Amino acid sequence: MPHSRFRLEQLEIPESIPGFTLRCYQPGDETRILESFNRVFSVGNAWFEPRTIARWNWQFIKNPAGTQIMLAVHDETGEVAAQFAAVPRKFRAPDRSGMLGESVDSFVDARFRTALRRPGLFVVTVKRWCREFIGAQGDFFLYGLPIEAAARIGGAFLNYQCVENSLALEKNIEEKRPFGGPSMPAVSEVYDFDGRFDEFWRSIESELGMSNIRDAQYLRWRYLQHPEYQYRIGVVGDAARLDGYAITRFGAFDDRVDQLVVDFLARRGDADTMRSLLRWTADRGLEAGAKRISLLIPSSSPWFLQLQRMGFFVRSTKYEWNCSQNRKPFETHALRKEWHYTLGDTDLA
Amino acid sequence: MAEQNIEIRGFKPGDEQPLLECYHKVFGADPPGGARNAERWHWQFINNPTPGGKELILLAVDRDAPSTKVVGHFGGMPMKMFDRGAAKNAIIAVDEMVDPGYRRGLRRPGLFGNLGMEWFKRHQSSESYPLVYGFPNLAHFRIGNAVLRYEVIRTQPVLYREPLSPVAAGRGVEIVEINKAGEEFDRLFERLAPDLKLLVWRDHKYINWRFLEYRGFRYRVFAARDANGLRGYAVFRVCDWFIQNNCIIVDWLVPGGDIDATRELLRAGESLRAESGGPCISIMIPDNNPWFRDLQYEGFMVSPTDYICCCVSIGKQYSPYVLRREWYYTHGDFDHI
Chain A
688 MPHSRFRLEQ LEIPESIPGF TLRCYQPGDE TRILESFNRV FSVGNAWFEP RTIARWNWQF
748 IKNPAGTQIM LAVHDETGEV AAQFAAVPRK FRAPDRSGML GESVDSFVDA RFRTALRRPG
808 LFVVTVKRWC REFIGAQGDF FLYGLPIEAA ARIGGAFLNY QCVENSLALE KNIEEKRPFG
868 GPSMPAVSEV YDFDGRFDEF WRSIESELGM SNIRDAQYLR WRYLQHPEYQ YRIGVVGDAA
928 RLDGYAITRF GAFDDRVDQL VVDFLARRGD ADTMRSLLRW TADRGLEAGA KRISLLIPSS
988 SPWFLQLQRM GFFVRSTKYE WNCSQNRKPF ETHALRKEWH YTLGDTDLA
Chain B
275 MAEQNIEIRG FKPGDEQPLL ECYHKVFGAD PPGGARNAER WHWQFINNPT PGGKELILLA
335 VDRDAPSTKV VGHFGGMPMK MFDRGAAKNA IIAVDEMVDP GYRRGLRRPG LFGNLGMEWF
395 KRHQSSESYP LVYGFPNLAH FRIGNAVLRY EVIRTQPVLY REPLSPVAAG RGVEIVEINK
455 AGEEFDRLFE RLAPDLKLLV WRDHKYINWR FLEYRGFRYR VFAARDANGL RGYAVFRVCD
515 WFIQNNCIIV DWLVPGGDID ATRELLRAGE SLRAESGGPC ISIMIPDNNP WFRDLQYEGF
575 MVSPTDYICC CVSIGKQYSP YVLRREWYYT HGDFDHI
C-alpha cells in the first residue's frame, strides 16, 4: 500500500551522523567540494566536464543573492561526503516577492552512502541545510531540473513536486531565411547590461506572472561574469529604451548541441521584436556552426504557441521542472500556469 | 458525520443505482467525460474483456440511511497490458468520489483518504495489479498526491491541427470505416507492440469493447489497409473536450514512420471535422513518442492541458520515470473520452 507523503520537518532525523561533521561552507572548502563533485558527477555521464574553481566561485561566492551550501565532511579523511546546495535568486510574483533557490550540485559520495541506515547521510545534510537557510518566515522554496536519481530522493524527502515536464522548442536554421518575413526592427549586439535593462524589466515584469528578477545586477552576474561561457546579447530598441533582448550561446542542453536561446524578454504579442531577436540568434548560430536553435520556456507562456507559429517544433526533454516548498506559499497548479522561466534560470546553459 | 455511520465495503448486487445517484450528486448530470448511466456502468465493469472490475469497487455507505446510500466510491477498470512481451493487468482509476456532505467523515485523512487507503490495502498484491493510473482532477490529485502517493508521470500536452491547409495525400493505402474489428487487429498489435514496449493490449476484443459496443458515444474506427492487410488504425470521436466540437483521435496505432497511412487516416479525420464544423483535430500521446514530432510535421501544434497523468505503482514495479519513457497511451486508454 502506498504510504502517505511526509514533510522533512516531521521526520525524526538525527542532527548528526557519527564520523561526519555537518556544517556550512567555509572559505577553503572549495577544493575538497570540487574533488568530490567531479568524482561523483563524472560517473556514467558522457557529457560531464569537470567543474573548475573559477566557475564554482562565480556560482556560489560571487552570486549577489548569497551562498547556501551545507556539507557533510568525513571526519577521518576530511573529504566532502555529501553536499546540499542552492543558488539563491530573487523572484517576484503578483502578490509577493522574495528569495528562492535553484537546487544544484547536491550529492552524496557513493563511498559514504549509508545504505542500511535510514535516514541516510544525504537526508541529514538536507535537514541541516533547511535549518540553516530557511528564511525568517520559516519557509523555503527550491526549484530545479533534477536528474532522475535526484528527483527520486527529492520526491521522498523534500516533497519535490513536478511543475511540468519540460518541453524544448527547436527550429532548424539551415534552411534559407528561417525567420523571413517583412522588414523588422534592427538588433544591436551589446556587451553590458545598462540602465535600460532595469527600465525594461520594470515595464515588463507584471506581464510575466511569477519570475526570477532580471535586473541589470542579476544579468551582469549571470551572463557577463560567467567565467566559462561566452554569451552574446542582442537588443531591440534605441539609446533610451529597450523593446526586447535575447541572450544566446552555442552549447549543450539535453544531450545535444544547439544555438541556445538562454534567455529572452519581449513584450507579449510583440512578434516583430521576437522574430528579429530569433533571426539574430539564428545568425549567431550559423556563425558558430549550429544546425538548430533551441530554447526552454513553460508551455503556459504565450510564446510557446507563438514560436510554433514561427516554425519551432516542440520536443520532450529528460528534465522536469520541479519545486519544493515546505509551507506551500504557491499552489503547484498555479505555478504551472504562471511561472515564467528560461534556460538562464538554471545552471544547465 | 460520525465515524460509526459509515461502512466501507465492496460492491453488492443492487448497488448500481445508489452508486449512480452518488455520481450525479458529485459530478452533476452532464460531467466532462459524459453522463453515467446503468448501460455505461455495465459496459465499463461487467462487459469489460479484462475481468475483475466489480471486485475493484469499494464503496462508502451511510448505515443510517433508510435504504442503501452510497456516499463514496474508489475503484477502477482493469486493463490488460502488454509489458515488453508479457501480459500484465493495470487499473484505470475512475470515478473516485465522496459525497460533499460526507467529506469530513471518518478520522484524518477524511473519507476519501480512508477509502483510498483501504482500497490500496485490499489490492496491494503487485501480482494482480501492479499499476494504477489515471488523470485525476485537481482536487483528486491534491489528496491523492498527499495521502495515497500518486506520482506524476507527466503534465500532459495535447497536439491539435487547425484546418489551415489540407492534409497531404498518402499513397498506396485504402481507408475503410469498420463496425467490427477482426483478427487483423491482433496481428497489427503483435507486430507493433514490441517496439512500443508498454501499452494497453489492443487486440480485436478490446477494440470492439472499447469503441464499438457501447452506444453512448459515437466512435468512428478507420482502418488503413494495403494489399498486405491492416497498416494501422485511428479511432475518432467529435466531442467538447479541450475545445467545443473537437474532432479527437481517441486511439492511434500506426507504425512509426508510416506517413502514407498517417496522412490518409488524418484525411478521414479531417472529413469528420469538416462535417461537424469543428475547429480542429486533436490527439493525446506521450511527448516522447515519435508521432509527437512527426504529427507536428503534418501541421499539428502543441498545447498544454490541465491534465496530469498519474500512477501508483503497487510493489514499485513501475516508477513514473520508467512509465514516462516506455508507456504508450492515447485518450482511449482512459475513461474521459
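Protein sequence lines correspond, in order, to chains A and B.
Mapping to the working numbering: the first sequence position 83 is 770, numbers consecutive.
Mapping to the working numbering: the second sequence position 225 is 499, numbers consecutive.
C-beta atoms are modelled at their ideal positions from N, C-alpha and C, and glycine is treated no differently.
It should be emphasised that the depicted structure is a prediction, and the values quoted were computed from it without experimental measurement.
Determine the chain A residues that contact residue i at a beta-carbon separation under 7 Å, and present them in chain order.
i              : result
N363 (chain B) : By Cβ distance, chain A contributes nothing, its closest Cβ being about 18 Å from N363 (chain B), past 7 Å.
R567 (chain B) : F1000, R1002
M558 (chain B) : What M558 (chain B) touches in chain A: nothing, since even the nearest Cβ is about 14 Å away.
Q570 (chain B) : F1000, V1001
P437 (chain B) : The premise fails here: P437 (chain B) is roughly 15 Å from chain A at the closest Cβ pair, so nothing lies under 7 Å.
Is the shortest distance between the beta-carbon of residue i and the beta-carbons of chain B less than 7 Å?
i              : result
H761 (chain A) : no
L803 (chain A) : Low per-residue confidence applies at L803 (chain A): pLDDT is 45, beneath 50, and the placement is therefore not dependable, though the value from the model is reported in the following sentence. Output row for L803 (chain A): interface = no.
So residue i is in the alpha helix (DSSP H); what residue range does that whole segment cover?
i               : result
V923 (chain A)  : V923 (chain A) -> not in any alpha helix (DSSP H); beta strand (DSSP E) instead, spanning 919-924.
H1020 (chain A) : 1019-1025
N419 (chain B)  : 412-421
A364 (chain B)  : Per DSSP, A364 (chain B) belongs to no alpha helix (DSSP H); it is in the beta strand (DSSP E), 360-367.
V300 (chain B)  : 290-301
L389 (chain B)  : 384-396
T1037 (chain A) : Past the edges of chain A, shown from 688 to 1036, lies residue 1037 (chain A), and the structure says nothing about it.
R738 (chain A)  : Here R738 (chain A) belongs to no alpha helix (DSSP H), and DSSP marks it neither H nor E.
S890 (chain A)  : 882-891
F459 (chain B)  : 458-470
L906 (chain A)  : 903-906
S593 (chain B)  : Careful: S593 (chain B) lies outside any alpha helix (DSSP H) and carries neither H nor E.
Any beta-carbon of chain A closer than 7 Å to the one on residue i?
i              : result
V426 (chain B) : yes
D561 (chain B) : yes
Q518 (chain B) : no
Y595 (chain B) : yes
T536 (chain B) : no
Determine the direct distance from the alpha carbon of residue j to that of residue i, and round the result to whole angstroms.
i               : j               : result
F999 (chain A)  : E766 (chain A)  : 47 Å
R936 (chain A)  : D957 (chain A)  : 23 Å
S898 (chain A)  : H1027 (chain A) : 5 Å
H414 (chain B)  : L438 (chain B)  : 38 Å
S556 (chain B)  : F516 (chain B)  : 9 Å
A802 (chain A)  : A843 (chain A)  : Any answer about A802 (chain A) is weak, because its pLDDT of 49 lies below 50 and its placement is not dependable; what the coordinates show is given next. Distance between the alpha carbons of A802 (chain A) and A843 (chain A): 15 Å.
I748 (chain A)  : T754 (chain A)  : 6 Å
E892 (chain A)  : F409 (chain B)  : 34 Å
A837 (chain A)  : N1009 (chain A) : 11 Å
P323 (chain B)  : L758 (chain A)  : 56 Å
Q570 (chain B)  : S577 (chain B)  : 12 Å
G327 (chain B)  : Y424 (chain B)  : 21 Å
R1023 (chain A) : T960 (chain A)  : 26 Å
L911 (chain A)  : I984 (chain A)  : 22 Å
M688 (chain A)  : R598 (chain B)  : Residue placement at M688 (chain A) is poorly supported in this model, since its pLDDT is 45, which falls under 50; the coordinates are not used for a value here.
L848 (chain A)  : S988 (chain A)  : The sequence given here has Gln at residue 848 (chain A), not Leu. Distance between the alpha carbons of Q848 (chain A) and S988 (chain A): 20 Å.
Q318 (chain B)  : A780 (chain A)  : 45 Å
W908 (chain A)  : K590 (chain B)  : 44 Å
A939 (chain A)  : A442 (chain B)  : 35 Å
F693 (chain A)  : D338 (chain B)  : The predicted model places F693 (chain A) with a pLDDT of 46, which falls under 50 and marks its position as unreliable, so this point remains unresolved.
N411 (chain B)  : S981 (chain A)  : 32 Å
R966 (chain A)  : P865 (chain A)  : 7 Å
F1017 (chain A) : E448 (chain B)  : 53 Å
Interface residues of chain A around residue i at Cβ under 8 Å?
i              : result
V335 (chain B) : By Cβ distance, chain A contributes nothing, its closest Cβ being about 22 Å from V335 (chain B), past 8 Å.
V576 (chain B) : L854, S986, F991, Q995, V1001
P431 (chain B) : L854, S986, V1001
Check the Cβ of residue i against every Cβ in chain A and list those closer than 9 Å, keeping chain order.
i              : result
R358 (chain B) : Per Cβ cutoff of 9 Å: no residues; R358 (chain B) is ~19 Å from chain A at best.
Assuming residue i is part of the beta strand (DSSP E), what are its boundary residues?
i              : result
T536 (chain B) : Here T536 (chain B) belongs to no beta strand (DSSP E); instead the alpha helix (DSSP H) covers 533-550.
- request: Using a Cβ-Cβ cut-off of less than 7 Å, give me the residues of the segment 833-866 of chain A that come near chain B, in sequence order.
  value: Listed in sequence order: E835, C849, E851, N852, L854.
task: Compile a chain-ordered list of the residues in the segment 388-412 of chain B whose CB is closer than 7 Å to at least one CB of chain A.
output: Result list: M391, F394, K395, Q398, L412.
Residues in the segment 319-353 of chain B having any Cβ partner in chain A nearer than 9 Å: Residues: none.
- prompt: Residues in the segment 1002-1026 of chain A with C-beta within 7 Å of chain B's C-beta atoms, listed in sequence order?
  reply: Listed in sequence order: R1002, S1003, H1020, R1023.
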